[in-house]
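Counted the way our numbering counts, the sequence shown spans residues 194 to 370. In this text, a Cβ means the ideal position worked out from N, Cα and C, and glycines have one as well. Computed from a predicted structure; not experimentally measured. Take a look at the structure below.
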Amino acid sequence: MIQKLICALMMTSLLTPKILFDFNKKAEIQQWFIVDDGVMGGRSSGNFSLSNEGYGVFEGNISLANNGGFSSLRYIIQKTSVKDFTKISLKLKGDGKKYQLRIKANNQDYQSYIMPFETSGEWEEIEISLQEMYPSFRGRILDIPNFANEYIEELNILIGNKKKEKFKLLLDKIELK
């Protein structure tokens, strides 16, 4: 009987989501920063702020000038174990555009692990399988295995659809499941 109870408690703790970031009116967003294509001469511009309602707002303009075409929002976190989880969940409201979730096991790694996702224009929960996230560096898929690390140290949301466009993404919560 006790063994069954311990097993049930262990399973419950494994299933409890782990919040990576919860946007709210008191959220400290200073650790989030923008990296635009300006790092390579482009002209895109992204901004990040906290709305009056307590949502993270990632918005801006994508320009293809000077071989540009992307804007990203990055968050370097303390080394966080993901070994008991299989997915990253994003609660958000997009603009109907395609974005990418990118993670790094070590924020010093050159490669990111990527999974594109589409937004509907409504509030939704996007769940992304960690093991399906594929490795990439500077837009090229690498010939190494998909994400199989036990930790992450960086989250990144990127827009780069190879076209000139305005974008706006509202973020409510990011968690491991």
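Check	Outcome
The region 277-289 in contact with the region 306-326 per 3-pair CB rule at 8 Å	yes
Ranges of the beta strand (DSSP E) found wholly within the region 256-285, counting only runs of at least 3	264-274
6 Å CB neighbourhood of GLY353 in its chain, flanking five on each side removed	GLY262 and PHE263
Nearest-angstrom Cα separation, counted from ILE321 out to ALA201	Caution applies to ALA201, whose pLDDT of 49 falls short of 50 and renders its modelled position unreliable; the value that the coordinates give is listed next. Between ALA201 and ILE321, the C-alpha separation is close to 26 Å.
GLY239 - DSSP class collapsed to helix/strand/coil	strand
Endpoints, beta strand (DSSP E) assigned at TRP296	Checking the displayed sequence, the identity of residue 296 turns out to be Ile instead of Trp. Taken as a continuous stretch (DSSP letters only), the beta strand (DSSP E) holding ILE296 covers 291-297.
Sequence-distant residues of its chain with Cβ nearer than 7 Å to ASN259 (five each side left out)	GLY234, GLY235 and ARG236
Euclidean distance between Cα positions of PHE340 and THR312	23 Å
CB of PRO309 within 7 Å of CB of GLN293, strictly	yes
Rounded C-alpha distance that separates TYR306 from TYR268	15 Å
Nearest-angstrom beta carbon gap, THR279 and LEU213 [assumed within contact, 8 Å]	The pair is not a contact, with the Cβ atoms about 14 Å apart (cut-off 8 Å).
Exposure of TYR303, with buried meaning 16 or more beta-carbon neighbours within 10 Å	exposed
Contact under 7 Å by Cβ, ASP229 with SER238	yes
Through-space distance from ARG295 to ASN349, alpha-carbon basis	5 Å
Close Cβ partners of PHE216 (< 8 Å) along its chain, the five nearest in sequence each way excluded	ILE222, LEU243, GLY247, TYR248, GLY249, LEU364, ASP365 and LYS366
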